[in-house]
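Chemist: Numbered per my numbering, the sequence shown spans residues 2 to 172.
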Amino acid sequence: MPIQADAVPRKLADPFDFGGGHMNPDRAVDPGLVYDLDAKEYNKFFNCTFGLVDGCGSYQLNLNLPTIVIPDLKNQVTVWRTVTNVGPMDATYQTVVEAPAGVVVSVEPSVISFTADGSRSTTFRMTFTAKQRVQGGYTFGSLTWFDQSAHSVRIPIAVRTVIQDFIADTS
């Protein structure tokens, strides 16, 4: 049977309702890539959330969290993330994207490489384009960076397409 969410009214569970799975301690010790964030960034995010500072429009979309949520995709949105290599010095990662339904996703660059004498961090861009102009609930996907050995770094993606801001989401 499908998993039910603990909600009123009852509904089928979606990725907002369930966790990421069982933890594998061996893989947690050697993740390969991390989405690093410092306390200053969290403070700015907190201040933006409560409207205490100006100029926060794109900041909340670009906070370097290991997840991407786009609550109001009308046409196209671009977000940026930075990954830091904490694995082997010489590593190359390729990307695999599972696009949310009704959304076209592109990643640039789609291959990232790290060398012993190069930077340990790199920034990539993801562009989300609505291919179905509908007012809807969230659809889900993922982005995975993988190398040719044991590293596979997956983050969830949640996108809600909208036509007009004033139409309420009832899902």
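Cβ coordinates follow ideal geometry from the N, Cα and C atoms, glycine included.
Mapping the DSSP letters down to three states, classify Ala40 as helix, strand or coil.
Modeler: The residue you call residue 40 lines up with position 39 of the sequence shown. In this structure, Ala40 counts as helix in the three-state DSSP scheme.
Chemist: Can you give, in chain order, each stretch of the beta strand (DSSP E) that sits fully within the stretch 14-80 and has at least 3 residues?
Modeler: Segments of the beta strand (DSSP E) lying fully in the stretch 14-80: 69-74.
Chemist: CA-CA distance, Ala100 and Met127?
Modeler: Here the question's residue 100 lines up with position 99 in the sequence shown. Here the question's residue 127 lines up with position 126 in the sequence shown. Between Ala100 and Met127, the C-alpha separation is close to 11 Å.
Chemist: Using only the alpha-carbon positions, how far apart do Ala151 and Val84 sit?
Modeler: Translated into positions along the sequence shown, residue 151 becomes position 150. Translated into positions along the sequence shown, residue 84 becomes position 83. Taking the straight line from one Cα to the other gives about 17 Å.
Chemist: Would you call Trp81 buried or exposed, if buried means 16 or more other Cβ atoms sit within 10 Å of its Cβ?
Modeler: As a working note, residue 81 is residue 80 in the sequence shown. Exposed is the call here.
Chemist: Helix, strand or coil for Ser107, going by three-state DSSP, please let me know.
Modeler: In the sequence shown, the residue the question calls residue 107 occupies position 106. Strand, per DSSP.
Chemist: Quick one, which of Thr93, Glu109, Pro157, Thr50 has its alpha-carbon nearest Leu34's?
Modeler: In the sequence shown, counting from the first residue as 1, residue 34 sits at position 33. When each option's Cα is compared against that of Leu34, the closest is Thr93.
Chemist: Touching or not, the stretch 130-143 and the stretch 98-114, by the rule of three or more beta carbon pairs under 8 Å?
Modeler: Touching, yes.
Chemist: Might you give, ordered along the chain, the residues of its own chain that have their beta carbon closer than 7 Å to the beta carbon of Pro72, omitting 5 neighbours on each side?
Modeler: Start at 1 with the first residue of the sequence shown, and residue 72 comes out as number 71. Contacts found: Arg161.
Chemist: Could you give the DSSP three-state label for Thr116: helix, strand or coil?
Modeler: Translated into the one-based positions of the sequence shown, residue 116 becomes position 115. DSSP places Thr116 in coil when its eight states are reduced to three.
Chemist: Tell me whether Ala6 sits in a helix, a strand or coil according to DSSP, three-state version.
Modeler: Indexing the sequence shown from 1 puts residue 6 at position 5. In this structure, Ala6 counts as coil in the three-state DSSP scheme.
Chemist: Report the rounded CA-to-CA distance for Gly119 versus Val108, giving the unit in angstroms.
Modeler: Start at 1 with the first residue of the sequence shown, and residue 119 comes out as number 118. Start at 1 with the first residue of the sequence shown, and residue 108 comes out as number 107. Each residue's Cα considered, the two are about 22 Å apart.
Chemist: Starting from the Cα of Thr124, find the closest Cα among Val163, Pro16, Asn63 and give me that residue.
Modeler: Translated into the one-based positions of the sequence shown, residue 124 becomes position 123. Checking every option, the nearest Cα to that of Thr124 belongs to Asn63.
Chemist: Provide the residue span of the beta strand (DSSP E) that contains Arg161, from first to last.
Modeler: Numbered from 1 along the sequence shown, position 160 holds the residue referred to as residue 161. Element bounds for Arg161: 153-162.
Chemist: Counting C-beta neighbours from all protein chains within 10 Å, is the total for Ala131 16 or more, i.e. buried, or is it exposed?
Modeler: Walking along the sequence shown from the start, residue 131 turns up at place 130. Burial call: buried.
Chemist: Rounded to whole angstroms, what's the CA-CA distance from Val87 to Asp39? Just pull it up for me.
Modeler: Looking up residue 87 in the sequence shown gives position 86. Looking up residue 39 in the sequence shown gives position 38. If you take the alpha carbons of Val87 and Asp39, they lie about 16 Å apart.
Chemist: Using a Cβ-Cβ cut-off of 7 Å (strictly less than) and excluding sequence neighbours within five positions of Asn48, which residues of its own chain qualify?
Modeler: Within the sequence shown, residue 48 is the residue found at index 47, counting from 1. Result list for Asn48: Val54, in chain order.
Chemist: Under three-state DSSP, which class holds Val98?
Modeler: Locating residue 98 in the sequence shown gives position 97, counting from the first residue. Here Val98 sits in strand by DSSP.
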